[in-house]
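Please read the structure below before turning to the comments.
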Amino acid sequence: MAITGEVGVGKTTILRSYIKEIDQNSLKTIYIINANLSFKGLLKTIFDELEITLETDEVFEMVNCLHQVLIKEYKKGHNFVIIIDEVQNMPLETLENLRMLSNLETSTDKLVQILLIGQPEFDNMLEQNNLRQLKQRIAVRSTLSPLTQQESITYIRHRLATVGADDAWVFTKGAINRIIKKAKGTPRILNILCDNALITGYGNQQRPVTGRTVSEVIADFEGKRKFSILRWEFALPIAFALFLVLFLFYSQKSKILSIEKSKELFQETSITFNEEKEIKPDLEKEAAEPIKKNFTTITILERLANPANPHIYLSGSNIVSTKNSEIHDDKAKEVLGSKGVTIDENYETANYVTK
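Its first residue numbered 1, the sequence shown is counted upward by one per residue in the UniProt record's numbering.
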């Protein structure tokens, strides 16, 4: 059996509805979605659907194995149907070999039925001379035509009624007429236009949806409209406001983290050592008394620059306050603040260090 029809007329929808309604206990379905297969690839796909592991890679032996499986299932009262969707994409060589599957039968009954679903191009393919045997084996051929105007109206009303709506307050008469005229009886286009019109109407706070709104939707669908008030336009101010709130939130959070880090920096200062060294005078001044220098060092985790004097900083074991460095106690107090304390008064310079 072969069913053909234009894109969007509902071939696959009807097929899935059929599979859902049949008795799976007596009729087993093997659904092939990808038709672009070699004949060997088709056979492997069939065995995968049957959950059977093959022990051969030869086409002839694979067909015989399938025949034996179908006979066993037939004795159990099971029939099989192989459904191939988008059959117009199947290579000619594979189509020619389909007749091998159609020959799988007993003396009285067919062991497997083959249902071919495709677009009108498949009808043209069957007219080729090398597919004449396959054409002869197709007992039933059917074509799905687009819906008429009245069928389109009935279709829209049925879809609305399914969700508990009334087309009288959902669409104006002019809106429905424009949708039907554009869709030309194709259910898929009817669905798209109705759905987009409802969303746009909701965005414009419009009830019922008017013909003008449908015209805008059709222009969008065809890609012809350059400037328009689209369904998403009302959401742009909300999106911008949300972005602004998030930006301010994370900016403030970043500042707080920076302040906390600075506080931790100051809290982790500590004294490393107090060292007293003796420097002897120059040989020319042998009579001179030794001069003592006093050093106080501070350890800090990060380099701390002084804004007023960038060349003065604390890092590693740099001198904070000494007699000869000309850095006054005020500078140490400015850096250490309330954590500072004056060290031994015996030093020639009052050094200021951390507690």
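By construction, the Cβ of each residue, glycine as well, lies at the ideal position given by its N, Cα and C atoms.
Terminal residues of the alpha helix (DSSP H) in which residue i lies
i      : result
Phe60  : Val59 to Lys75
Lys224 : It is not in any alpha helix (DSSP H) - Lys224 carries neither H nor E in the DSSP assignment.
Lys28  : Element bounds for Lys28: not the alpha helix (DSSP H) but the beta strand (DSSP E), Leu27 to Ile32.
Ser152 : Gln149 to Thr162
Leu50  : Element bounds for Leu50: n/a, residue is neither H nor E.
Thr94  : Leu92 to Ser102
Extent of the continuous beta strand (DSSP E) run through residue i
i      : result
Gln113 : Val112 to Gly118
Ile82  : Asn79 to Ile84
Thr143 : Arg141 to Leu144
Gly5   : Ala2 to Gly5
Nearest residue (CA-CA) to residue i, options the options
i      : options                         : result
Arg99  : Leu15, Phe39, Ala161 and Arg141 : Phe39
Gly118 : Asn89, Ile71 and Lys110         : Asn89
Ile52  : Ile30, Asn36, Ala35 and Asn34   : Ile30
Phe80  : Phe122, Glu49 and Leu92         : Glu49
Asn25  : Tyr74, Asp166 and Ile33         : Tyr74
Asn36  : Leu92, His78 and Leu131         : Leu92
Lys11  : Val87, Arg132 and Val170        : Val87
Nearest-angstrom beta carbon gap, residue j and residue i [assumed within contact, 8 Å]
i     : j      : result
Ile83 : Ser102 : Going by Cβ atoms, the distance from Ile83 to Ser102 rounds to 14 Å, so no, they are not a contact pair.
Asp85 : Ile32  : 7 Å
Separation of residue j from residue i, as counted between CA atoms
i      : j      : result
Asn97  : Arg157 : 45 Å
Leu122 : Glu58  : In the sequence as presented, Leu is not what sits at residue 122; that position holds Phe. So the alpha carbons of these two residues sit roughly 29 Å apart.
Lys135 : Gly185 : 29 Å
Pro208 : Glu222 : 23 Å
Lys173 : Val140 : 40 Å
Leu144 : Glu105 : 30 Å
Ser107 : Phe47  : 24 Å
Thr13  : Val7   : 12 Å
Lys44  : His67  : 14 Å
Thr200 : Ile19  : 35 Å
Asn34  : Arg16  : 15 Å
Ala161 : Ala2   : 33 Å
Gln206 : Arg137 : 55 Å
Val214 : Thr56  : 59 Å
Gln133 : Asn64  : 21 Å
Tyr202 : His78  : 51 Å
Asp220 : Gly211 : 14 Å
Distance CB(residue i)-CB(residue j) smaller than 8 Å
i      : j      : result
Lys182 : Leu198 : no
Leu190 : Ile176 : no
Val9   : Pro120 : no
Thr4   : Leu42  : no
Asn196 : Val170 : no
Ile71  : Leu111 : yes
Leu131 : Met125 : yes
Min CB distance residue i to chain B below 8 Å
i      : result
Asp220 : Structure shown: chain B not included; a single protein chain is present.
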